[in-house]
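These notes are about the structure you will find just below.
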Amino acid sequence: MNDDQQYVSFDRLVSQKLSEQLADANRQIATLAAMCDIKDAQIAELRSQLENKDDGNGNA
Numbered sequence: 008m009n010d011d012q013q014y015v016s017f018d019r020l021v022s023q024k025l026s027e028q029l030a031d032a033n034r035q036i037a038t039l040a041a042m043c044d045i046k047d048a049q050i051a052e053l054r055s056q057l058e059n060k061d062d063g064n065g066n067a
């Protein structure tokens, strides 16, 4: 194997590894985004409950 082939092979391995890491990072980002959406929905629900509770007590 000449030097050019070794560099191409190494570059291909590095590229593949970086692609795998990027895919893993994207999966983690998607998971965190979904968790944020769930938390946002929970916060909205709690705010709604608090507003309804305040309205029921006559307190603003």
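Positions in the sequence shown are counted from 1; adding 7 to them yields our numbering. Glycine residues also receive a C-beta, built at the ideal position from the N, C-alpha and C atoms.
Alpha carbon of residue i to alpha carbon of residue j, nearest angstrom
i          : j          : result
residue 31 : residue 59 : 42 angstroms
residue 35 : residue 56 : 32 angstroms
residue 15 : residue 24 : 14 angstroms
residue 47 : residue 12 : 52 angstroms
residue 33 : residue 62 : 43 angstroms
residue 40 : residue 50 : 15 angstroms
residue 27 : residue 37 : 15 angstroms
6 angstroms Cβ shell around residue i - same chain, five flanking residues per side excluded
i          : result
residue 20 : none
Same chain, Cβ closer than 8 angstroms to residue i, neighbours up to 5 away in sequence not counted
i          : result
residue 43 : none
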